[in-house]
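Following: one structure in structure tokens, then a few remarks.
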Amino acid sequence: MDEINRWADIDEDLLKEISKRFHAYDDYLQLRLVCKEWSLKLPKIPNGNKIPWLLLPDETVKNHSYEDEEIYHLMQLAAADDETLDTCVLEEKDIYHIMLPEMQSDNKFIRGSGHGWLIVQSISDGTMQMLNPFTNRSLDLPPVSTLPDIIDYKPDNHGDEYTLWDFRDIRVTGDRDSVHRFEVYKVIINSSPEHDIENFMAVVIFGPNQRLAFYKPGNMRWVEFPTRDKRFEDVIFFQEKIYAINNDGQLYEFDTKIRAGLKGGIHETRPPSEIPVGPHEPKCLIGCANGSLLMLVRYLRHPFLRRIRRDFETYKFDIYELKRNRKEWSTLDNLGNYILVIGFNSSVQIPVPFLSKGNQIWFTDNQTAMQSSFYDPVFQDIGIFDLDHGNFQRVLLEVKFFCPPVWLLP
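Per our numbering, numbering through the sequence shown is continuous, rising by one, with the last residue being 514.
As structure tokens, this is what we get:
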């Protein structure tokens, strides 16, 4: 009995550190079941576990037969039949379906994910909400009508509900559905609001010029960043700062510890001289465990083969690294024992002791402006790029989606 009590009384910080070594959910659950005290000390969802799950819209899953199970279990395609994801049924080499009542409609789409949360937007009323499918909790964000480029919103003025600034900064009117579909490019969050609501922050890339705005609890509206620069393509929270990258490859840095809001602007590091610029070369930004920043350039093209029915496909990646305390980007061709996960999610680097190999890029499709249709389901550009061999593994080639799939990281 004394031996059991000694294990039950293990230091809580030490127990949580041990739990980070359990990368499979079923193993983690067994750890929580060792004794009642451990179950109380450890959270239901492991904070240190970063296994990515690919969330698929319900209407497309029903029509798909999962044949290539090797890729699917590698990509952790999650599922369950309850409103809340029951981690007891999650197994690392299986495919599951998660039914979210809030998402069972083509009126909703996802514009971001991170820290176990989805950022969901409504087409009909422009509301924005954070949803945690693991805990079934939600948090409202300011609606689309409060973004800085919106001048006025009159819901009863059918066909011209919005007055806003267009990409030339000219005052124009727009219909509700179009504005709600295209106004929000991507939303990221700095943490789970369940853990620290006072320091919680969300950032949105918005409008036809893809500018930046932020939200803090208590704000009624989105607040524009202290720069009116345009064409931002990714933004991240990293080491208590906000970093953003635009289409030119220019890095921006903002301090979040300013009581009045944010402070910052263009970073002193210039873009690489050879970096491509244009809509077919979007950029992603990733913070690394070693303190470096990575800029990922994704190359898109129209598929050459007629049997491929996607509007475009990724055919190449370039990676640039900005090391800590350096002022110049350098090329990087090996990620070591890490993968990069990009899409509508907060772009992240993940260690892979639980996978067969690292040095890969996992990507989903977030290029909605390039799609041939916004009212019908379309094929998506989803897959894994292996840097060791320079090849792609394409996923869900024969499935159309109303709402693009998105990576979800607990």
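Even glycine gets a Cβ: it sits at the ideal position worked out from N, Cα and C.
All of these numbers come straight from a predicted model, not from anything done at the bench.
Residue range 280 to 286 is occupied by the alpha helix (DSSP H) that includes F286. Note on geometry: alpha-carbon atoms of K387 and E141 lie some 46 Å from one another. Check the Cα spacing between I423 and each of N313, L436, S451: the tightest is with L436. By the CB criterion at 8 Å, L222 and L444 fall outside the cutoff.
Residues of the same chain with a CB within less than 6 Å of the CB of L119, apart from the 5 flanking positions on each side, are K145 in chain order.
If you check the CB distance, L245 and G311 do not come in under 8 Å.
Here the C-alpha atom of L268 lies approximately 25 Å from the C-alpha atom of F448. Non-local beta-carbon contacts of L491 in its own chain, meaning distances under 6 Å to residues more than five positions away in sequence, involve N463 in chain order.
Between C392 and Q314, the gap from beta carbon to beta carbon reaches 8 Å or more.
When the five nearest sequence neighbours on each side are left out, the beta carbons in the same chain lying within less than 8 Å of the beta carbon of N323 are those of P246, in order along the chain. At a Cβ-Cβ threshold of 8 Å, F421 and I465 count as neighbours. The beta-carbon distance between G220 and N236, rounded to whole angstroms, is 6 Å. This is short enough to meet the 8 Å contact definition.
The beta-carbon separation of A317 and F304, rounded to 15 Å, does not stay under the 8 Å limit for a contact.
Within the DSSP bridge table, the entry for K387 names V401 as partners. Secondary structure note for W142: its alpha helix (DSSP H) is the uninterrupted segment 140 to 145. In the DSSP assignment, I122 falls within the alpha helix (DSSP H) that extends over 116 to 123. With a cutoff of 8 Å on beta-carbon distance, S396 and E425 are scored as near each other.
When only Cα atoms are considered, G487 and H493 end up about 15 Å apart.
Less than 8 Å separates the beta-carbon of R275 from that of I255.
For the beta strand (DSSP E) assignment, the uninterrupted runs of no fewer than 3 residues enclosed by the segment 212 to 265 are, from N- to C-terminal side, 212 to 218, 221 to 226, 232 to 236, 241 to 245, 254 to 257.
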